[in-house]
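One structure below.
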Amino acid sequence: MKQQVENLANTLKKNGICATKDEALQKAREILHLHDEVEQLEQVEAYHEKGREGLQNEIQRLKKIVTEQEEEISQLKKEKKELEVLREQLEDEIRELQFQQ
Numbered sequence: 108m109k110q111q112v113e114n115l116a117n118t119l120k121k122n123g124i125c126a127t128k129d130e131a132l133q134k135a136r137e138i139l140h141l142h143d144e145v146e147q148l149e150q151v152e153a154y155h156e157k158g159r160e161g162l163q164n165e166i167q168r169l170k171k172i173v174t175e176q177e178e179e180i181s182q183l184k185k186e187k188k189e190l191e192v193l194r195e196q197l198e199d200e201i202r203e204l205q206f207q208q
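Read in order, the letters of the sequence shown are residues 108 to 208 in my numbering.
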């Protein structure tokens, strides 16, 4: 890191961006510090993006489960109605048989 600061400071001084060596060193430290902060922010952003993707995948998985359960509930309701019809038919047959006796 120290070598990077010195190299950048020399470049700043040589290109006339900074008047003194001390000014160039200070600017070089600031630039490299900002560069490090940008890299850290990019890493945090990538981490959060990965987290968002994970959450979106989990939401899709849960939506699929909900849809499957809704379909199962619908099927169970149909089966319940069919069973109620069968029960009524059996009750009618039982009454008819009892009446015949």
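Note that beta-carbon positions come from the ideal geometry of N, C-alpha and C, so glycine has one too.
Environment of V112 [buried if 16+ CB atoms lie within 10 Å]
Classification for V112: buried.
Alpha carbon to alpha carbon, how far is L119 from R159?
41 Å
Taking the C-alpha atoms as reference points, what is the distance between Q207 and I180?
40 Å
Should A131 go down as buried or exposed, given a rule of 16 or more other Cβ atoms within 10 Å for buried?
buried
Return the Cβ separation of L115 and I138 in integer angstroms, given the expectation that the two are a contact with Cβ distance under 8 Å.
Indeed, because the Cβ distance is near 6 Å, the residues count as touching under 8 Å.
Report the rounded CA-to-CA distance for T127 versus L141, giving the unit in angstroms.
21 Å
Please classify N122: does DSSP put it in a helix, a strand, or coil?
Residue state, collapsed to three classes: coil.
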